[in-house]
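In what follows, a single structure is set out as structure tokens and then discussed.
Numbering (the working numbering), first residue to last: 11 to 887.
In structure tokens:
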């Protein structure tokens, strides 16, 4: 059970107790002594936790001991988090007071002495609280002696575990794909619409096969409309119709009844040949199938509904075509899949190891999911002797039924380190079929303290993906993991091992019976209607009693007007995500209350019409992520924004890449030199109003150390009333070139845009051709720019956009040296001298040129889409 996985909690307690700021908070010797005793007790308990966590599955008394220990350990962590938070607040207050103008030594002394009585009272109360927690832990710790628990170190993944990302591997389904496509393209059916079931046990790859068919070129050309709907155990016609409509470009309108939805769908599909995939269907009621079919009959002949299901009864009731029974992989196909997943495609040289491997796979019953999870375990074991031990001591057959498969998945879970177990079980909060936002998931794990950094969290995700706990990972334009899915059987595993302290509320009875020691709660949008209909405020008392909640993902409408009071009762909250969109005034009021949740690490709101963030948010010294979706009207950040000393992510408008913020508080972006210390910045950065910038006296590069920055926009745009702050003694062109030179990013940058008519330099920067990982470069509205550096030397450049640069003549002949000499320009994107010496844009796939009349020649490109609007421009085919 997840609540008895306590090694990560123990590490958090010891880390906080050892924090220097925490040590300095206490002025009383008694406080520091109690703190040291607490550290000693937790260290003693931590030493036997790994042994206890393994023995709990065979010894019920050990399991009960861990459950009793769990609540006290979490309480200790909350208490130390209180102390750590107060320490941070004290440091921030002292720094703000010392930096206030006109602050004298006497006023500082008065400030310190006035706060001394409060500090002594606080220390005294905290010393008592620490002692009470420590005494509880001491009593529980004494019981461990009766279980003969051994001191064992935490498991560290072997060196063979790497951070490389596994590709999607499909083996042995070529004939199945061909057969399904043949059925879908067949017109020899009397029915206007054919329902084609793919039937097989969980983990066989029904969804993967359906996805291969769905994406096939023949299928794409044959059908006018293709729609994919994940159904699962809830076969609600309204929900299915709404999902179908969204897939065909319909913008959802809340509150539409069934008749209105079916009317909208009929209008979209009438007379068109469609393919609808209903994935993971469990509905066996024939009336439900007949009702759905009634809404789809308006499609053109040859329309198909492809259904994936584990139930032969579903196939009999819902299908009107002979079901396609998916079989397991052969032993050779299983071995092929295993070698690719576990051994990177290189089979072991030792015949005995291969024999053992095939024996293990023979017990997987040809189930790809089971093979994938076993591959994740064995890839870190020595094939010559550890595989044999695994076969003899741990592995059971999974060839009979799905229950045996789940036991194999549980075995893979048991082999995870404790922190990864916590990360995985946290996913129970999300519904089946959920499309996980990978960056969000990574941030949530950090917010809960399961891992210390996002880099470690991302590595954790990769390992879980490699071990088949996640699937269908999609990448963004920079190659970062963007979204992923989770197999239903894996979700069942998360549900079974997570325990009762991680709850997703889907019914009124569950809402009214939330245990008081619940740690994580979620109410998703798809559950809101049923909860609203069934609940008349009856869940308020239960929610009020769940004061130890650390995660809350919800919609306000579930609670009505009392939600603020309920929210403030969650004094241990680390993560708060409000899914429901709300107006600016409503959101501002809610954020005001949120400022009192001092433990908060992650705050996500969906708001519109809010022009400023309430100052109370700056009272959250632990806040790491502030995400305000749909905040199109946001104009300014609070003046004391620098008090958010832990903030790593500020995301206020993902739909639009450029914000409307016009006022930044001093210290986080008013002047260029303030960027110098913000080296944790990642993702995208836009630097605006560069026409007002001044070169640094020291000539420092303010962006060079930001190695996680992936996209950068340098904006010299200016309005007619914008009066630039430039020394008349310095030529404007030289001034702008100096500013650009000091904005050199880290070579890891992948996307760069330089734009704005306010840039009057005749050349760009020396550092541009050194961005060896740059994928996309845009130059727009730089009216005076004449020369580009050697862009064609950039090995990864795939997209090049040059727009409205009327003076641009070509690139600089620098021989790749990096000195931006302008002595010998050429009216081309490559110099004549370098045409024969260097490959011409080896990775370029897209080129757009507009408004560059002095650029007269393009080189030959290997494979590129070219678009230009320059009459004088010639392309060497």
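Note that beta-carbon positions come from the ideal geometry of N, C-alpha and C, so glycine has one too.
Roughly how far, in whole angstroms, is the beta-carbon of residue i from the beta-carbon of residue j, given that I think they are within contact range, below 8 Å?
i: residue 446; j: residue 496; result: 7 Å
i: residue 239; j: residue 253; result: 5 Å
i: residue 275; j: residue 251; result: 6 Å
i: residue 743; j: residue 771; result: 5 Å
i: residue 683; j: residue 712; result: 6 Å
Among the options, which residue has its Cα nearest to the Cα of residue i?
i: residue 797; options: 808, 781, 775; result: 775
i: residue 211; options: 182, 742, 97, 376; result: 376
i: residue 287; options: 319, 307, 301; result: 319
i: residue 322; options: 414, 207, 714; result: 207
i: residue 195; options: 228, 357, 185; result: 228
i: residue 439; options: 758, 563, 772, 191; result: 563
i: residue 765; options: 470, 728, 351; result: 728
i: residue 654; options: 621, 612, 617, 616; result: 612
i: residue 465; options: 352, 607, 15, 658; result: 658
i: residue 160; options: 721, 87, 61, 134; result: 61
i: residue 103; options: 631, 704, 851, 759; result: 631
i: residue 43; options: 83, 773, 21, 139; result: 139
i: residue 487; options: 499, 786, 480, 45; result: 786
i: residue 688; options: 66, 652, 524; result: 652
i: residue 379; options: 294, 773, 500, 314; result: 500
i: residue 527; options: 498, 582, 504; result: 582
i: residue 41; options: 134, 366, 55, 585; result: 134
i: residue 620; options: 603, 643, 629; result: 643
Give a yes or no on whether the C-beta atoms belonging to residue i and residue j are separated by under 8 Å.
i: residue 661; j: residue 697; result: no
i: residue 634; j: residue 461; result: no
i: residue 218; j: residue 151; result: no
i: residue 257; j: residue 383; result: no
i: residue 719; j: residue 691; result: yes
i: residue 291; j: residue 233; result: no
i: residue 614; j: residue 645; result: no
i: residue 864; j: residue 817; result: yes
i: residue 627; j: residue 601; result: yes
i: residue 235; j: residue 284; result: yes
i: residue 606; j: residue 95; result: no
i: residue 277; j: residue 203; result: no
i: residue 179; j: residue 223; result: no
i: residue 782; j: residue 805; result: yes
i: residue 53; j: residue 24; result: yes
i: residue 149; j: residue 80; result: no
i: residue 763; j: residue 788; result: yes
i: residue 371; j: residue 345; result: yes
With DSSP collapsed to three states, give me the class of residue i.
i: residue 695; result: strand
i: residue 430; result: helix
i: residue 492; result: strand
i: residue 646; result: strand
i: residue 20; result: helix
i: residue 99; result: helix
i: residue 612; result: strand
i: residue 41; result: helix
i: residue 315; result: strand
i: residue 390; result: coil
i: residue 762; result: strand
i: residue 268; result: helix
i: residue 14; result: helix
i: residue 700; result: helix
i: residue 238; result: strand
i: residue 847; result: Unreliable positioning characterises residue 847 in this predicted model, as indicated by a pLDDT of 42, which lies under 50. The coordinate reading is nonetheless provided below. In the structure shown, residue 847 sits in coil (DSSP, three-state: anything other than H, G, I, E or B).
i: residue 867; result: strand
i: residue 712; result: coil
i: residue 638; result: strand
i: residue 579; result: coil
i: residue 286; result: strand
Let me check you understand the geometry: is the CB of residue i closer than 7 Å to at least one non-hydrogen atom of the ligand COA?
i: residue 104; result: Here there are no bound small molecules, and the ligand COA is not part of this structure.
| task | Could you tell me whether the stretch 335-343 touches the stretch 362-375, using the rule of 3 or more Cβ pairs below 8 Å? | result | yes
| said: For the structure I just gave you, are there three or more beta carbon pairs, one from the stretch 426-442 and one from the stretch 464-479, closer than 8 Å? | reply: yes
| query | Within the chosen definition, does the stretch 353-369 reach the stretch 387-394 through at least 3 CB pairs nearer than 8 Å? | reply | yes
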